[in-house]
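The sequence shown begins at 402 in this note's numbering and counts up by one. Cβ atoms here follow ideal geometry from the backbone N, Cα and C, with glycine treated the same way. Computed from a predicted structure; not experimentally measured. Okay, structure first, notes after.
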Amino acid sequence: MDFFENIKLEKKINLITENFYKNLDSYPSRNELSNFLIETFDFSDIDNIENNSLLEVSQIFVDKVISTKQNIFKNLQSLYPEKEIEIKYLDSLIKEDKISSILNINYDTLFYNDEKIKKLSPFDKDTFAIGKTKLYKPLGELDSIDTCIITSQDLKKLKVLPFYKNYFNSIRYDLKLRTNIICAFDLKDSDFFEILEFIFGDFPNLLKDVYLVTNESITNSKVLDFIKKYNIQILNYESSVFFRKLYNCFNDIEDADDEISEIETPQEIIENSISIIEEEDSNEEVTNTTENLNTISEEISENMENPVALAENSNLDINPIFEDTNKSELISGKKEEIIKTEIENKILESEIITEEVIDIDSPMEDSNREVQFSLFDNIQEEKFNKEEEYIPQDVILENNKFSLETGLEKKYSSLSLNKFPLISTNLPENIVFDDIGIVGNAEMKIGEFSNNCFIRILSNKINNISLLEIKSRDLKLRFSIINNTPETIKVTSDYFYYEIFSTTTLGRAIVVLEMLESLFSEVPMEFAFKNLAGKITLNNISEVVKIKTIHSLFSAAKEENLKVQMDKLENIDNIFYLLNLELLLKDEHFSTWCDYEVDKTYLHSQDKITFKRLHHLDKKSLIEETIVLKSPVSEKDISENKIIGKRKVCTVYLKKLRGEF
402 MDFFENIKLE
412 KKINLITENF
422 YKNLDSYPSR
432 NELSNFLIET
442 FDFSDIDNIE
452 NNSLLEVSQI
462 FVDKVISTKQ
472 NIFKNLQSLY
482 PEKEIEIKYL
492 DSLIKEDKIS
502 SILNINYDTL
512 FYNDEKIKKL
522 SPFDKDTFAI
532 GKTKLYKPLG
542 ELDSIDTCII
552 TSQDLKKLKV
562 LPFYKNYFNS
572 IRYDLKLRTN
582 IICAFDLKDS
592 DFFEILEFIF
602 GDFPNLLKDV
612 YLVTNESITN
622 SKVLDFIKKY
632 NIQILNYESS
642 VFFRKLYNCF
652 NDIEDADDEI
662 SEIETPQEII
672 ENSISIIEEE
682 DSNEEVTNTT
692 ENLNTISEEI
702 SENMENPVAL
712 AENSNLDINP
722 IFEDTNKSEL
732 ISGKKEEIIK
742 TEIENKILES
752 EIITEEVIDI
762 DSPMEDSNRE
772 VQFSLFDNIQ
782 EEKFNKEEEY
792 IPQDVILENN
802 KFSLETGLEK
812 KYSSLSLNKF
822 PLISTNLPEN
832 IVFDDIGIVG
842 NAEMKIGEFS
852 NNCFIRILSN
862 KINNISLLEI
872 KSRDLKLRFS
882 IINNTPETIK
892 VTSDYFYYEI
902 FSTTTLGRAI
912 VVLEMLESLF
922 SEVPMEFAFK
932 NLAGKITLNN
942 ISEVVKIKTI
952 HSLFSAAKEE
962 NLKVQMDKLE
972 NIDNIFYLLN
982 LELLLKDEHF
992 STWCDYEVDK
1002 TYLHSQDKIT
1012 FKRLHHLDKK
1022 SLIEETIVLK
1032 SPVSEKDISE
1042 NKIIGKRKVC
1052 TVYLKKLRGE
1062 F
């Protein structure tokens, strides 16, 4: 499936970049910055330094007292004047709200003056950006040395200090929601891939699809390992061409195919890189093979008009011709294809000509006649084998013969929205609180919302965790605190827990969700108990997105008068997705994409697939979901034992069935 055809289904995408059009804007690449520092400070011991890492170069200079961090900062600062540069198609995509976030691992100031952009660095307190494209700057800025990552030690602090945890969790959350495109970067920059690996984490399956845009050959083993680890697919484009095609795709503008590109899987990338290395050592062999193949094709062309002469020619036996064709894999694909086509055409021409002129009863020597029929036997046998090729089928799979997840389904699973009751937490599993202190009843107020609540303090001495628990009729909240003295309670952002009880009605649940959205958006929560008063301010954009998703679903259910009783829907897997399907029943079908995995015994290449699933809501009704893929199975989808489809465009048809089930 064409990348651009798939991407049209996406409302927004994420960009990950380092150098936007460095040749146009004159900003240096980070690899060039390393060389600049080495030359500036006249450092000769280059063998002991990884000069592809700006952070490592800077750290060694500081450690060896070659320069101070302040001096390095000033030198870098001089290379980054603030200026406005138009990046034509990308600017338009931002204005049209097609870019959800940009992760820029560099110091440049591009997009800073764009009203649609919200700049976010690890040192900013505000990480909220409603209605704007988020511009993540994990290396900070060159405004101040205190807000800029220059050395490898700076990066280590960024990775381990809890203060920056929410910032990187916010980035990770965005990467889980939308397709991610890595573009405009330097393949030699080890810092770029180190930072990306830290952000991506150790769970590649949690990321949405990742594509890497480059027209350069990739031979660096570390980069290849990175690509394989995160199952990254390659788009063979130059960055400016890619953005033009992306813009035209989103705006339904026909794009001239001046550059044909294929998506490469991680395995293909590794194989291609090996081929590149081998090719450098075998240029002479390739040249000789090409010349031999050309000679063979010329001789075939000269002798094809007389098949008997061809068969008698000991230098042109038929079988070796096709063996030599296999050897031509060392030659570019197009040349091989042209030669092969010419050979096949000549064979077909010779068959027609010979059938017209041969007289079986003519006084031809028996040996010549046998050779002649042998030639035609070979040709007929080849044609017969082609006729025996597999005929693609329309295959319907049901009864759990497959695993499948639609794009809409992934929207909820990526947010861990699976079952009622509605619980969200980052507390360690199975934690037990052995010390419980009761504070008492109090009044809780979050913005315009107020409610009576009961407050306790929970402690786990083994893990050194203390929580403030606030419980009301519909809601339970827990936040980590530092409780050094009886008079002082300080809330931290390390741990949280909230639960909306299943007994809560749909209308009250919507109100509770609005209150939680305010709470995690830095609207202060205040409570008072006798002489004790508290004020809590939280900022967690990941939870805001989750809460908004549930709120949108519940609000739509209320508008459609859909009966949602959470206590009767407890422990039903995928309940949020099923409720969304029930809301879509009136439309009967919708377009989306899906990931699927099927045992190889059920399908073949070019088969067209329809999946069927039944979803139980209660004993008297279920939803039949029919998922029809737009394109057939391709060779790239076939692995050793499985057929695995990723991001396949499909149409989902819905029907509600009633009766006793």
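Grab the span of the alpha helix (DSSP H) containing M916 for me, first residue to last.
907-920
Quick one: grab the DSSP three-state call for Q478.
Residue state, collapsed to three classes: helix.
Does DSSP put V999 in a helix, in a strand, or in coil?
strand
Reference P925, options N632, E1025, F850, closest by Cα
F850
Would you report the Cα separation of L868 and I797, rounded to the nearest angstrom?
52 Å
Bounding residues of the alpha helix (DSSP H) (the contiguous stretch that carries T552)
It is not in any alpha helix (DSSP H) - T552 carries neither H nor E in the DSSP assignment.
At what residues does the beta strand (DSSP E) containing Y612 begin and finish?
Judged by DSSP secondary structure, Y612 falls within the beta strand (DSSP E) whose first and last residues are 611-614.
Could you check the C-alpha separation between S943 and E790 for me, to the nearest Å?
Rounded to whole angstroms, S943 and E790 show a C-alpha spacing of 52 Å.
Could you check whether Q794 and D1000 sit closer than 8 Å to each other, using their CB atoms as the reference points?
no
Sequence ranges, beta strand (DSSP E) only - wholly within the segment 605-652, length at least 3
611-614, 634-636
Spell out the partners DSSP gives N472 in its beta bridges.
N472 is not bridged to any residue.
Quick check on K877: does DSSP put it in helix, strand or coil?
strand
To the nearest angstrom, report how far apart S860 and V1029 are at their CA atoms.
53 Å
Do the CB positions of N453 and S553 come within less than 8 Å of each other?
no
Can you name, in chain order, every residue of its own chain whose Cβ lies under 7 Å from the Cβ of D920, other than the five neighbours on each side?
Correcting the residue type first, residue 920 is Leu in the shown sequence and not Asp. The beta carbon of L920 sits closer than 7 Å to those of I847, M926, L939, all from its chain and outside the five residues before and after it, given in chain order.
Skipping 5 residues on each side, what residues in its chain have a beta carbon closer than 7 Å to that of L954?
F977, L980, N981
Residues near I1045 in its chain [Cβ-Cβ closer than 7 Å; skip 5 each side]:
For I1045, same chain residues with a beta-carbon under 7 Å away, outside a window of 5 residues either side, are E998, D1038 in chain order.
Taking the alpha-carbon positions, what's the V833 to T906 distance?
30 Å
With 16 other CB atoms within 10 Å as the buried threshold, where does S1040 fall?
S1040 is exposed by the Cβ-count criterion.
Where does the unbroken alpha helix (DSSP H) through A957 begin, and where does it stop?
942-960
Quick check: the Cα distance between E470 and K812, rounded to an integer number of angstroms?
Just to set this straight, residue 470 is Lys in the shown sequence, not Glu. Distance between the alpha carbons of K470 and K812: 44 Å.
Please confirm if the segment 897-906 is in contact with the segment 864-879, defined as three or more CB-CB distances below 8 Å between the two stretches.
yes
Whose CA, out of S817, E419, E497, lies closest to the CA of I503?
E419
Which same chain residues, not among the five before or five after E617, have their C-beta less than 7 Å away from its C-beta?
Spatial neighbours of E617 in its own chain (CB-CB distance under 7 Å, excluding positions within 5 residues in sequence) are listed in chain order as L588.
For Y490, three-class secondary structure by DSSP
helix
Among the candidates L494, N436, N476, whose CA atom is the shortest distance from the CA of K413?
L494
Quick one: Cα of I911 to Cα of T950, how far?
Taking the straight line joining both Cα atoms gives about 11 Å.
When we look at the beta-carbon of D509 and count the other beta-carbons within 10 Å, is it buried (16 or more) or exposed?
buried
Tell me S459's beta-bridge partners as DSSP assigns them.
Bridge partners of S459: none, in fact.
Nearest-angstrom beta carbon gap, K947 and L816 [assumed within contact, 8 Å]
That belief holds up - the Cβ atoms of L816 and K947 are roughly 5 Å apart, short of 8 Å.
Segment limits, beta strand (DSSP E) that includes R857:
Per DSSP, the continuous beta strand (DSSP E) segment holding R857 begins and ends at 850-861.
Can you list, in chain order, the residues of its chain whose CB lies under 6 Å from that of T1027, leaving out five sequence neighbours each side?
K1013, Y1054
In three-state terms, what does DSSP make of F569?
helix
From Q634, P539, E440, residue whose alpha carbon lies closest to that of D555
Measuring C-alpha to C-alpha distances from D555 to each of Q634, P539, E440 identifies P539 as the nearest.
If you run the structure through DSSP and keep just helix, strand and coil, what is E692?
At E692 the pLDDT is 49, less than 50, meaning the model places this residue with poor confidence; the figure from the coordinates comes in the next sentence. DSSP places E692 in helix when its eight states are reduced to three.
Where does K1043 fall in DSSP's three states?
strand
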